[in-house]
Amino acid sequence: MRDQLAAYCVPIEAAEYRRTEPDDRRFDDFLIPFDRWEGSAPMLALLGVPQDEGVRRNGGRIGAAEAPPAIRQALGKLAASIGSRSLPDNVRVLDCGVLAVENMSLEDVHRRQEHVVGLLLDSGASVVVLGGGHDTALPDGRAIGKRATRLGIVNVDAHLDVRPPAIEGSHSGSPFRELIEDPACRLGMLIEFGTQPFSASAHHVRYVLERGHAVWMLGDIRRDTLDVALDRVVDALDACDAVHLSLDMDALASAYAPGVSAPASDGFRPDEVARIVERIAALPTCRLVDIVEVNPRYDADGRTVRLAAYFAAVALWTFAHRTRCR
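Residues 1013 to 1338 in this note's numbering are what the sequence shown lists, from first letter to last.
If you want it as structure tokens, here you go:
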């Protein structure tokens, strides 16, 4: 595994910060760079994909390529505990650093990403991927979908991202159309969750619904309450043997997450997104979470980067306790 990752990935340096107590455990204590990984196959893995070519093709704000190292460093500083509970001492997260993408076309990046995510899934790991634009979800979905009989995807997003590919090819607004239309993906259920008014064209909504998938508008979730909506989402995923959660940070109101490729004035609160991540990642069939569209160039005080790191911590924490790491 280490040699294979070395061919495709680049390690990330951990952030420097002051600690004076040995018992003050942080996520950095559990994130093991792939070039230092030894022993058994990983239960958990973290991978960054530093590219925003898909955002450029879709007319968005460039800068998401800078997000994965920033999110990884913010994640490492977080306390690996909730209240009096800590991550079990033997939990180890394989830190794959970032995908090596220099001088590569977007299509080659996607092929490399699909291959690496597939390696991690085949090793038995549950994987958190840090984007990058939302086209990050395309190779992620293909990697897990080709290993499933019936894949379920939950896209937490202000937008549907079912636009046709551009003349240049895939882009950040097309991943879920491409996954719907890819027979190798074996997509059984796509759930668009948190779609915002005036952010999705009616013909795109019809496109999703006419293919047997689901659209939860933000207003529908508020009317029914988040907990009720999540109960129905979990029920809809029951027939799926693999689940992929894709979180676009523009699903949050821009007051909480200004540093994104396409900010939205309305949206979820951070505590609501944390509940969504926790609920879906707790499903035994959920093996893959990606967090995308963070744009540090437009961030205010690093708040969006820190929020993305928080959601990555929620996903890793939930994966670790779900699998009863001991």
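Glycine is no exception: its CB is placed at the ideal position from the N, C-alpha and C atoms.
The model shown is predicted, which means the values in this text are computed figures rather than measured ones.
Per the DSSP calculation, residue i is bridged to which residue(s)?
i       : result
Thr1207 : Met1229
Asp1280 : For the sequence presented, residue 1280 should be read as Phe rather than Asp. According to DSSP, which records beta bridges pairwise, Phe1280 is partnered with Leu1264.
Asn1167 : Glu1204, Ser1258
Cys1021 : Leu1111
Ser1093 : Ser1098
Ser1138 : Leu1056
Arg1038 : Ala1091
Ala1178 : Gly1181
Pro1081 : Beta-bridge pairing links Pro1081 to no other residue.
Gly1143 : Val1061
Leu1043 : Val1105
Just the Cα atoms here: how many angstroms apart are residue i and residue j?
i       : j       : result
Leu1328 : Pro1177 : 32 angstroms
Arg1299 : Leu1142 : 14 angstroms
Ala1274 : Gly1072 : 6 angstroms
Trp1095 : Ala1293 : What sits at residue 1095 in the sequence shown is Gly, not Trp. If you take the alpha carbons of Gly1095 and Ala1293, they lie about 20 angstroms apart.
Asp1313 : Gly1271 : 10 angstroms
Val1128 : Lys1158 : 14 angstroms
Val1168 : Asn1115 : 31 angstroms
Val1304 : Asp1035 : 32 angstroms
Ala1053 : Leu1131 : 11 angstroms
Thr1032 : Phe1039 : 16 angstroms
Arg1336 : Arg1235 : Unreliable placement is indicated for Arg1336, whose pLDDT of 49 sits below 50; no coordinate value is reported for it.
Ile1083 : Ala1321 : 5 angstroms
To which residues of the same chain is residue i closer than 6 angstroms at the C-beta, ignoring the five residues directly before and after it?
i       : result
Gln1063 : Ala1077, Val1113, Val1121, Gly1144
Leu1017 : Phe1046, Cys1108
Ser1117 : none
Val1217 : Val1227
Trp1049 : Arg1014, Leu1106
Pro1023 : Pro1045, Asp1047, Gly1109
Arg1318 : Ala1086
Asp1194 : none
Whose C-beta lies closer than 7 angstroms to the C-beta of residue i among residues of the same chain, with five residues either side of it excluded?
i       : result
Arg1338 : Since pLDDT at Arg1338 reaches only 32, below the 50 mark, its modelled position is unreliable, and the value read off the structure follows with that caveat. Here the set comprises Pro1100, Asn1102.
Ala1027 : Gln1085, Gly1088, Lys1089
Ala1019 : none
Leu1221 : Val1227
Taking 8 angstroms as the limit between beta carbons, can you name the residues of its chain near residue i, skipping five residues before and five after?
i       : result
Ser1098 : Arg1037, Ala1092
Ala1241 : Phe1205, Trp1228, Asp1232, Ile1233
Leu1133 : Val1139, Ala1155, Ile1156, Arg1159, Arg1299, Leu1300
Arg1175 : Asn1070, His1183, Gly1185, Ser1186, Arg1189, His1216
Cys1021 : Phe1046, Leu1059, Cys1108, Gly1109, Val1110, Leu1111, Ala1112, Val1128
State yes or no: is the C-beta of residue i nearer than 8 angstroms to some heavy atom of the ligand SAH?
i       : result
Leu1319 : Here there are no bound small molecules, and the ligand SAH is not part of this structure.
If we count the other Cβ atoms within 10 Å of its Cβ and call it buried at 16 or more, is residue i buried or exposed?
i       : result
Asn1307 : buried
His1146 : buried
Gly1136 : exposed
Thr1316 : buried
Arg1223 : exposed
Pro1081 : buried
Ile1179 : exposed
Ala1251 : exposed
Ser1258 : buried
At least 3 beta-carbon pairs within less than 8 angstroms: the segment 1146-1164 vs the segment 1190-1207: Taking 8 angstroms as the limit for Cβ pairs, the verdict is that the segment 1190-1207 does touch the segment 1146-1164.
Three-pair Cβ contact test at 8 angstroms for the segment 1086-1093 versus the segment 1037-1050: Yes, since at least three Cβ pairs between the segment 1086-1093 and the segment 1037-1050 fall closer than 8 angstroms, the two stretches touch.
Segment contact, 8 angstroms Cβ cut-off, at least three pairs: the segment 1320-1327 with the segment 1199-1211: no
At least 3 beta-carbon pairs within less than 8 angstroms: the segment 1242-1254 vs the segment 1206-1222: no
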